[in-house]
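The next block holds one structure in the form of C-alpha coordinates; read it before the comments.
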Amino acid sequence: MDRIRRTGGRDLVVLVLGPALALWVVILGIGLLVTGPLSGTLGGEDDIVRTLVSRRSNTWNSITFYWSHIGNIEWVIAVCLIGSGLILWRTRDWRLAAVPCLAVLLQFVIFDTVSILVGRARPPVRELDLAPPTTSYPSGHVSATMALYLTFALLAATRLQSGWLCRLTVVAFLTFPLLVAFGRLYEGMHHPTDVAAGLFNGVVCALLAFNWYRHTHRAAGAHRT
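My numbering applies: residue 137 is where the sequence shown begins, and numbers increase by one.
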(Lines of atoms letter the chains of each structure in order from A and count residues from 1; the text may use other names and numbers.)
(Lines give C-alpha, C1' and ligand atoms only; values in the text may rest on other atoms or scores of the structure.)
Protein backbone atom coordinates (compact mmCIF):
# COMPACT_ATOMS: atom_id res chain seq x y z
CA MET A 1 0.00 0.00 0.00
CA ASP A 2 2.82 2.43 0.84
CA ARG A 3 4.44 1.65 -2.49
CA ILE A 4 1.19 2.40 -4.32
CA ARG A 5 0.87 5.73 -2.50
CA ARG A 6 4.43 6.70 -3.34
CA THR A 7 3.83 5.80 -6.98
CA GLY A 8 0.60 7.81 -7.03
CA GLY A 9 2.34 10.84 -5.53
CA ARG A 10 5.16 10.59 -8.03
CA ASP A 11 2.67 10.31 -10.91
CA LEU A 12 0.88 13.44 -9.71
CA VAL A 13 4.14 15.40 -9.65
CA VAL A 14 5.47 14.09 -12.96
CA LEU A 15 2.24 14.07 -14.95
CA VAL A 16 0.42 17.07 -13.50
CA LEU A 17 2.32 19.44 -11.24
CA GLY A 18 5.53 19.60 -13.27
CA PRO A 19 3.83 20.29 -16.61
CA ALA A 20 1.41 22.69 -14.89
CA LEU A 21 4.36 24.70 -13.58
CA ALA A 22 5.78 24.87 -17.11
CA LEU A 23 2.36 26.00 -18.38
CA TRP A 24 2.28 28.70 -15.69
CA VAL A 25 5.67 30.00 -16.84
CA VAL A 26 4.54 30.08 -20.48
CA ILE A 27 1.26 31.89 -19.79
CA LEU A 28 3.00 34.35 -17.45
CA GLY A 29 5.69 34.99 -20.05
CA ILE A 30 3.12 35.67 -22.76
CA GLY A 31 1.27 38.02 -20.43
CA LEU A 32 4.42 40.00 -19.64
CA LEU A 33 5.16 40.23 -23.36
CA VAL A 34 1.71 41.48 -24.40
CA THR A 35 1.75 44.10 -21.65
CA GLY A 36 5.37 45.04 -22.27
CA PRO A 37 7.45 44.74 -25.46
CA LEU A 38 4.51 43.65 -27.64
CA SER A 39 1.94 46.10 -26.29
CA GLY A 40 2.44 48.45 -29.23
CA THR A 41 2.34 45.69 -31.82
CA LEU A 42 -0.90 44.28 -30.39
CA GLY A 43 -2.56 47.65 -30.02
CA GLY A 44 -4.86 46.91 -32.95
CA GLU A 45 -6.32 43.77 -31.41
CA ASP A 46 -8.96 45.79 -29.62
CA ASP A 47 -10.43 46.78 -32.99
CA ILE A 48 -12.24 43.43 -32.73
CA VAL A 49 -13.74 44.47 -29.40
CA ARG A 50 -14.66 47.93 -30.72
CA THR A 51 -16.36 46.35 -33.73
CA LEU A 52 -18.46 44.16 -31.45
CA VAL A 53 -19.28 47.15 -29.26
CA SER A 54 -20.44 49.16 -32.28
CA ARG A 55 -22.89 46.37 -33.19
CA ARG A 56 -24.43 45.89 -29.78
CA SER A 57 -28.19 45.51 -29.50
CA ASN A 58 -30.58 44.81 -26.65
CA THR A 59 -31.16 41.29 -27.96
CA TRP A 60 -27.48 40.40 -28.16
CA ASN A 61 -26.81 42.12 -24.86
CA SER A 62 -29.26 39.72 -23.21
CA ILE A 63 -27.97 36.65 -25.06
CA THR A 64 -24.31 37.28 -24.29
CA PHE A 65 -25.16 38.06 -20.67
CA TYR A 66 -26.25 34.45 -20.22
CA TRP A 67 -23.41 33.09 -22.34
CA SER A 68 -20.85 34.98 -20.29
CA HIS A 69 -22.32 33.83 -16.99
CA ILE A 70 -21.82 30.18 -17.94
CA GLY A 71 -18.22 30.88 -16.96
CA ASN A 72 -18.97 32.40 -13.55
CA ILE A 73 -16.94 30.57 -10.92
CA GLU A 74 -20.00 29.60 -8.88
CA TRP A 75 -21.61 27.98 -11.92
CA VAL A 76 -18.40 26.22 -12.93
CA ILE A 77 -17.93 24.81 -9.42
CA ALA A 78 -21.58 23.70 -9.21
CA VAL A 79 -21.51 21.96 -12.60
CA CYS A 80 -18.13 20.41 -11.80
CA LEU A 81 -19.32 18.95 -8.49
CA ILE A 82 -22.59 17.68 -9.97
CA GLY A 83 -20.82 16.17 -12.97
CA SER A 84 -18.13 14.53 -10.85
CA GLY A 85 -20.79 13.19 -8.48
CA LEU A 86 -22.72 11.64 -11.36
CA ILE A 87 -19.56 10.12 -12.79
CA LEU A 88 -18.66 8.62 -9.43
CA TRP A 89 -22.19 7.26 -8.98
CA ARG A 90 -22.25 5.66 -12.44
CA THR A 91 -18.70 4.30 -12.57
CA ARG A 92 -17.54 3.94 -8.94
CA ASP A 93 -14.18 5.18 -10.23
CA TRP A 94 -12.93 8.03 -8.04
CA ARG A 95 -10.04 8.79 -10.38
CA LEU A 96 -12.41 9.33 -13.29
CA ALA A 97 -14.67 11.51 -11.14
CA ALA A 98 -11.66 13.58 -10.03
CA VAL A 99 -10.64 14.55 -13.58
CA PRO A 100 -12.98 17.59 -13.98
CA CYS A 101 -12.17 18.84 -10.47
CA LEU A 102 -8.44 18.49 -11.04
CA ALA A 103 -8.61 20.36 -14.36
CA VAL A 104 -10.66 23.22 -12.89
CA LEU A 105 -8.37 23.51 -9.87
CA LEU A 106 -5.23 23.60 -12.02
CA GLN A 107 -6.54 26.29 -14.34
CA PHE A 108 -7.74 28.40 -11.42
CA VAL A 109 -4.37 28.42 -9.68
CA ILE A 110 -2.60 29.33 -12.92
CA PHE A 111 -5.13 31.95 -13.99
CA ASP A 112 -5.40 33.61 -10.58
CA THR A 113 -1.67 33.94 -9.90
CA VAL A 114 -0.83 35.06 -13.43
CA SER A 115 -3.66 37.63 -13.34
CA ILE A 116 -2.17 39.19 -10.22
CA LEU A 117 1.38 39.28 -11.58
CA VAL A 118 0.50 40.63 -15.04
CA GLY A 119 -2.16 43.11 -13.94
CA ARG A 120 -3.48 43.95 -17.40
CA ALA A 121 -6.19 46.59 -17.70
CA ARG A 122 -9.44 45.75 -19.43
CA PRO A 123 -10.24 47.07 -22.94
CA PRO A 124 -11.02 50.81 -23.21
CA VAL A 125 -14.72 50.30 -23.96
CA ARG A 126 -17.95 50.35 -21.96
CA GLU A 127 -18.22 47.08 -20.06
CA LEU A 128 -21.57 45.29 -19.93
CA ASP A 129 -20.69 43.12 -16.95
CA LEU A 130 -19.37 43.82 -13.48
CA ALA A 131 -15.61 43.35 -13.54
CA PRO A 132 -14.44 40.63 -11.14
CA PRO A 133 -11.60 41.47 -8.72
CA THR A 134 -9.08 39.88 -11.12
CA THR A 135 -7.44 41.68 -14.04
CA SER A 136 -7.98 41.15 -17.76
CA TYR A 137 -5.24 38.62 -18.58
CA PRO A 138 -5.95 35.74 -18.93
CA SER A 139 -9.71 35.26 -19.09
CA GLY A 140 -10.75 33.21 -16.09
CA HIS A 141 -14.29 32.64 -17.42
CA VAL A 142 -12.96 31.16 -20.65
CA SER A 143 -10.22 29.17 -18.92
CA ALA A 144 -12.60 27.59 -16.40
CA THR A 145 -15.29 26.63 -18.92
CA MET A 146 -12.73 25.20 -21.34
CA ALA A 147 -11.07 23.11 -18.63
CA LEU A 148 -14.42 21.82 -17.34
CA TYR A 149 -16.24 21.06 -20.56
CA LEU A 150 -13.22 19.73 -22.42
CA THR A 151 -12.76 17.13 -19.67
CA PHE A 152 -16.44 16.23 -20.01
CA ALA A 153 -15.95 15.92 -23.78
CA LEU A 154 -12.86 13.72 -23.37
CA LEU A 155 -14.63 11.48 -20.87
CA ALA A 156 -17.68 11.23 -23.13
CA ALA A 157 -15.50 10.34 -26.11
CA THR A 158 -13.87 7.48 -24.19
CA ARG A 159 -17.01 6.17 -22.47
CA LEU A 160 -19.67 6.45 -25.17
CA GLN A 161 -19.68 4.16 -28.17
CA SER A 162 -18.52 5.89 -31.32
CA GLY A 163 -21.41 7.23 -33.36
CA TRP A 164 -23.68 10.21 -33.74
CA LEU A 165 -24.51 10.41 -30.02
CA CYS A 166 -20.83 10.56 -29.07
CA ARG A 167 -20.08 13.22 -31.68
CA LEU A 168 -23.13 15.27 -30.70
CA THR A 169 -22.21 15.11 -27.01
CA VAL A 170 -18.61 16.17 -27.64
CA VAL A 171 -19.68 19.08 -29.88
CA ALA A 172 -22.26 20.21 -27.31
CA PHE A 173 -19.67 20.25 -24.52
CA LEU A 174 -17.12 22.15 -26.62
CA THR A 175 -19.70 24.76 -27.61
CA PHE A 176 -19.95 26.14 -24.07
CA PRO A 177 -16.42 27.65 -23.81
CA LEU A 178 -16.76 29.15 -27.29
CA LEU A 179 -20.00 30.87 -26.31
CA VAL A 180 -18.33 32.20 -23.17
CA ALA A 181 -15.34 33.45 -25.20
CA PHE A 182 -17.57 35.38 -27.59
CA GLY A 183 -19.67 36.71 -24.72
CA ARG A 184 -16.65 38.06 -22.84
CA LEU A 185 -15.36 39.84 -25.95
CA TYR A 186 -18.78 41.25 -26.80
CA GLU A 187 -19.23 42.59 -23.28
CA GLY A 188 -15.86 44.36 -23.47
CA MET A 189 -14.40 42.39 -20.58
CA HIS A 190 -11.26 41.08 -22.29
CA HIS A 191 -8.76 41.68 -25.06
CA PRO A 192 -8.62 38.89 -27.70
CA THR A 193 -5.23 37.73 -26.38
CA ASP A 194 -6.79 37.33 -22.92
CA VAL A 195 -9.39 35.00 -24.37
CA ALA A 196 -6.80 33.08 -26.38
CA ALA A 197 -4.65 32.60 -23.27
CA GLY A 198 -7.71 31.43 -21.34
CA LEU A 199 -8.53 28.86 -24.01
CA PHE A 200 -4.92 27.66 -24.01
CA ASN A 201 -4.84 27.38 -20.22
CA GLY A 202 -8.10 25.45 -20.10
CA VAL A 203 -7.13 23.04 -22.88
CA VAL A 204 -3.76 22.13 -21.39
CA CYS A 205 -5.14 21.72 -17.86
CA ALA A 206 -7.90 19.43 -19.14
CA LEU A 207 -5.37 17.33 -21.07
CA LEU A 208 -3.07 17.08 -18.04
CA ALA A 209 -5.91 15.91 -15.81
CA PHE A 210 -7.15 13.41 -18.39
CA ASN A 211 -3.66 12.05 -19.04
CA TRP A 212 -3.17 11.58 -15.29
CA TYR A 213 -6.36 9.51 -15.16
CA ARG A 214 -5.38 7.30 -18.10
CA HIS A 215 -1.95 6.62 -16.65
CA THR A 216 -3.13 5.89 -13.10
CA HIS A 217 -6.04 3.79 -14.40
CA ARG A 218 -3.67 1.61 -16.41
CA ALA A 219 -1.28 1.36 -13.47
CA ALA A 220 -4.07 0.34 -11.10
CA GLY A 221 -5.25 -2.30 -13.57
CA ALA A 222 -1.74 -3.69 -13.93
CA HIS A 223 -1.36 -3.83 -10.13
CA ARG A 224 -4.62 -5.77 -9.73
CA THR A 225 -3.54 -8.19 -12.45
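From the three backbone atoms N, C-alpha and C, an ideal C-beta is built for every residue, glycine too.
Taking 8 Å as the upper bound for CB-CB distance, glycine 167 and proline 313 are not in contact here, some 20 Å apart. Counting only the Cα atoms, leucine 343 lies some 29 Å from arginine 258.
Distance from the CA of arginine 320 to the CA of leucine 266, rounded to the nearest whole angstrom, comes to 11 Å.
Rounded to whole angstroms, asparagine 347 and leucine 151 show a C-alpha spacing of 7 Å. Here alanine 214 is exposed, its C-beta having fewer than 16 other C-beta atoms within 10 Å. When Arg231, Tyr322, Arg191 are compared, the shortest CA-CA separation from alanine 345 is found for Arg231. Three or more beta-carbon pairs drawn from the region 224-241 and the region 276-291 are found closer than 8 Å, and the two stretches are therefore classed as touching. The C-beta distance from threonine 271 to valine 245 rounds to 16 Å, too long to meet the 8 Å contact threshold. In the three-state reduction of the DSSP assignment, tyrosine 273 falls in the coil class, being assigned neither a helical nor a strand state.
For asparagine 208, the secondary structure class from DSSP, reduced to helix, strand or coil, is coil. Secondary structure of glycine 299 (DSSP, three-state): coil. Residue range 230-254 is occupied by the alpha helix (DSSP H) that includes leucine 232. A straight-line Cα-Cα distance of about 35 Å links threonine 195 and leucine 291. Using a 10 angstroms sphere on the CB of valine 250, the tally of other CB atoms reaches 16 or more, which defines it as buried.
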